[in-house]
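Colleague: The structure under discussion is supplied below as structure tokens; questions concerning it will follow.
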């Protein structure tokens, strides 16, 4: 009765595997009536195959009777009913024993699993779709059998962890081992918390993949409990959120930069309504975010600049770029600010422009500093101009009285009627006058060099000729002091592309300096050598007082003369070496000093680059006794002493000389007297010698020589610009003036 009433199908057999009983369920499934099946071999009534291979499956009762064990069918077994119907089943078979354990037969229990198989197929299809979704969403599924400690991962979760399919170890320890060490304790605590409160699990943490890559995971899970309410398993999903976290980190950093920037960073709609406002904006404009968000940005713009905003918004809407610009904005307290503005469009995900971002930097202090710098620069320029003017005036005032002295002395030196002893004294006077003029020149040169106004008139000349001329100038002083100057012979020409006058000045300064610091019966030697990369080196060596090592650089500083305890005993301004070094440097060369110390003399080396072309000839000094052209001169000079001396000495040299002391007087002379050449002072009582020349040039092409105590490059240029052929700086000796007069007359074919 019991076997007949149970819900599963039941078949019993004897020891020979012949059917002895079928319950109603078995009859329905097999298609056999119990009476018809009785005595039949069980394999005939219960015909089963493998549903995948379609091959017959060995009847389990055979094994039960043979071995006396309980047997279950293999998976995917299908029962072939008497009418051929195929029914998927699950079954098991066991021996029937008596009280002594002897096998009396076998019993087989089975049931129809058609519905379950259909459900499984639906689930498989669903799982397949879920797998695709997980792969697309970088998502993996997991299940943790808590009591067994077993963890199951989907292939997509293994892939997220950087593992090939099936490589996951399957234990909770394997899972925890992948978690970043800094996150592991927190994650495990969170899992335990979910178990204890039977609540949902959600967490974000980092894992380290086998290749060392860092990956962010978002895990979500649910606790499942057994019939007693105890946690049985936990299942859920994991998402790879690495990209999202990286983006969040970038956004967080950007937000921090925006929020804590000193600049005002403001976003607004295309209608000009403020939507964001950082701390920098509050600092710059004085408004809190709550006061301005939702309001028009025009609250920050002065009335006279409102058109700027409409123009900017129009350009933003049109997608036209906006260059950074400077403008004025207004603070909450009404104070106006100088700001630098940068405007950029804000676009949505589709690339549509939806607003604008503005970065405003408060440049008020910078503008104030610029204004202050401009003011200071102007004051400095004015101070420099005042200084230059002072030096120029000082130069003029110092030179002008020297002019008649130098002219008279120069003339008397050559006058053979003057006693030789007196002429020797006159030579001393001339040298001191020239020295005074040179000191003034040094002041002017140092000013020109410092201001970058020194102009070079380059030509290719022989450096040895410049040395010869420099030595000739200083030989008299050296002879008077008892210092011998020795110049080494140099067979090869040494062409250098220089301003001859300026380089000669530098060489002369160095030689003069050597003579100055060398005692009587000492020597100064000038030699040459060629540098390794095509330079000429001019070495000036002496056996004078020498230079302490700590002064080898400072002696080139302005107003320095080495050891201050003794330097000023030798006179001078301390500008000679400064000017020499600057002049040589301007020509691409160098000037260095060497000395083993006090009492060991010194060596100065001037190095200049050699030119690639041949040198030109340097004009000789004027010869006062050479034949001269008889010329009619007009001398315009308001300094009576200079005028008297100049006229007398020029007449002595055979010139016909007319005299004037002003522009009006000069023009009157010119209207009545033919003149071949004009010699005019620049500073006159009723104007300038340049004004005079400009007036004359309107009616005749008269050559002229300008004389002035002012000798800057600008002075020379201005004189030449109005028509003077030459500008000579006072004091001028009569021989030089005579030479220039004759040279101009010769050039013009007089």
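Numbering (the numbering used here), first residue to last: 7 to 756. C-beta atoms are modelled at their ideal positions from N, C-alpha and C, and glycine is treated no differently.
Could you give the first and the last residue of the continuous alpha helix (DSSP H) run that contains residue 519?
Modeller: Residues 506-522.
Colleague: Would you say residue 354 lies against chain B (beta-carbon separation less than 7 angstroms)?
Modeller: You won't find chain B in this structure, because it holds only one protein chain.
Colleague: Figure out for me which residue from 321, 318, 274, 308 has the closest Cα to the Cα of residue 298.
Modeller: The shortest C-alpha separation from residue 298 is found at 274.
Colleague: Just to confirm the assignment, what range does the alpha helix (DSSP H) spanning residue 116 have?
Modeller: No alpha helix (DSSP H) contains residue 116, which is instead part of the beta strand (DSSP E) from 109-118.
Colleague: Residue ranges of each beta strand (DSSP E) run of no fewer than 3 residues wholly in the stretch 328-401, ordered along the chain?
Modeller: List check, beta strand (DSSP E) in window: 331-336, 342-353, 359-368.
Colleague: Using DSSP's beta-bridge definition, name the partner residues of residue 463.
Modeller: Beta-bridge pairing links residue 463 to no other residue.
Colleague: My output table needs one value for residue 640: the three-state DSSP class, helix, strand or coil.
Modeller: If DSSP states are grouped into helix, strand and coil, residue 640 belongs with the strands.
Colleague: Under a three-way DSSP split, which group does residue 271 fall into?
Modeller: Residue 271: strand per DSSP, three-state reduction.
Colleague: Per DSSP, residue 539 is paired with what?
Modeller: None; residue 539 has no bridge partner.
Colleague: Starting from the Cα of residue 234, find the closest Cα among 416, 204, 499 and give me that residue.
Modeller: Comparing Cα-Cα distances from residue 234 to each of 416, 204, 499, the minimum goes to 204.
Colleague: Would you please state the rounded distance, in angstroms, between the beta carbons of residue 365 and residue 271? I believe it to be under 8 angstroms.
Modeller: The Cβ separation is near 5 angstroms, so the contact holds.
Colleague: Check whether the Cβ atoms of residue 687 and residue 719 sit closer than 7 angstroms, and answer yes or no.
Modeller: Result no, Cβ atoms of residue 687 and residue 719 do not sit closer than 7 angstroms.
Colleague: Is residue 504 near residue 493, with beta carbons less than 7 angstroms apart?
Modeller: For residue 504 and residue 493, no; Cβs fall outside 7 angstroms.
Colleague: Whole-angstrom Cβ separation of residue 12 and residue 28, contact assumed at under 8 angstroms?
Modeller: Residue 12 to residue 28, Cβ: 13 angstroms. No contact.
Colleague: Is there contact between the stretch 288-295 and the stretch 325-332, where contact requires at least three CB pairs shorter than 8 angstroms?
Modeller: Counting Cβ pairs under 8 angstroms, fewer than three are found: no touch.
Colleague: Specify whether the stretch 518-533 and the stretch 594-605 touch according to this definition: at least 3 beta carbon pairs, one from each stretch, less than 8 angstroms apart.
Modeller: Not touching, per the Cβ criterion.
Colleague: Report yes if the C-beta distance between residue 24 and residue 37 is below 7 angstroms; otherwise report no.
Modeller: No.
Colleague: Check residue 482 in the structure and name its three-state DSSP category.
Modeller: In the structure shown, residue 482 sits in a helix (DSSP, three-state: H, G or I).
Colleague: I'd like the list of long-range same chain contacts for residue 314, defined as Cβ closer than 8 angstroms, with 5 residues on each side in sequence excluded.
Modeller: So the list reads 307, 333, once near-sequence residues are dropped.
Colleague: Residues in the same chain with beta-carbon distance under 7 angstroms from residue 61, minus the five sequence neighbours each way, listed in chain order, please.
Modeller: Closer than 7 angstroms at Cβ, skipping near neighbours: 55.
Colleague: Mind checking which residues open and close the alpha helix (DSSP H) that includes residue 558?
Modeller: Per DSSP, residue 558 belongs to no alpha helix (DSSP H) and is neither H nor E.
Colleague: Reducing DSSP to helix, strand and coil, say where residue 77 ends up.
Modeller: Residue 77: strand per DSSP, three-state reduction.
Colleague: Can you tell me the Cα-Cα spacing of residue 157 and residue 248, whole angstroms?
Modeller: Each residue's Cα considered, the two are about 23 angstroms apart.
Colleague: On the DSSP letters alone, give me the boundaries of the alpha helix (DSSP H) that residue 202 sits inside.
Modeller: Run containing residue 202: 187-203, per the alpha helix (DSSP H) assignment.
Colleague: So what does DSSP say about residue 717, is it helix, strand or coil?
Modeller: Coil.
Colleague: Please classify residue 280 as buried or exposed, where buried requires at least 16 other C-beta atoms within 10 Å of its C-beta.
Modeller: Answer is buried; the Cβ neighbour count reaches 16.
Colleague: Based on the DSSP output, what are the partners of residue 221 in its beta bridges?
Modeller: Partner(s): 213.
Colleague: Who are residue 94's beta bridge partners in DSSP?
Modeller: The partner list for residue 94 (beta bridge, DSSP) reads 84.
Colleague: Which residues bound the beta strand (DSSP E) around residue 65?
Modeller: Element bounds for residue 65: n/a, residue is neither H nor E.
Colleague: Could you check the C-alpha separation between residue 510 and residue 475 for me, to the nearest Å?
Modeller: Taking the straight line from one Cα to the other gives about 7 angstroms.
Colleague: Helix, strand or coil for residue 763? Go by DSSP, reduced to three states.
Modeller: Nothing can be reported for residue 763: it is not among the residues displayed for the chain, which extend from 7 to 756.
Colleague: Do residue 115 and residue 83 come within 7 angstroms of each other at the CB atom, strictly closer than that value?
Modeller: Cβ atoms of residue 83 and residue 115: not closer than 7 angstroms.
Colleague: Using C-beta distances below 8 angstroms, list every residue in its chain close to residue 411, excluding the 5 sequence neighbours before and after it, in chain order.
Modeller: Cβ within range, chain order: 435, 439, 737.
Colleague: Output yes or no for whether 7 angstroms exceeds the beta carbon distance between residue 322 and residue 302.
Modeller: No, Cβ-Cβ distance for residue 322 and residue 302 is not below 7 angstroms.
Colleague: Using only alpha-carbon positions, find the residue among 461, 120, 75, 51 that is nearest to residue 98.
Modeller: Checking every option, the nearest Cα to that of residue 98 belongs to 75.
Colleague: Would DSSP call residue 525 helix, strand or coil?
Modeller: In this structure, residue 525 counts as coil in the three-state DSSP scheme.
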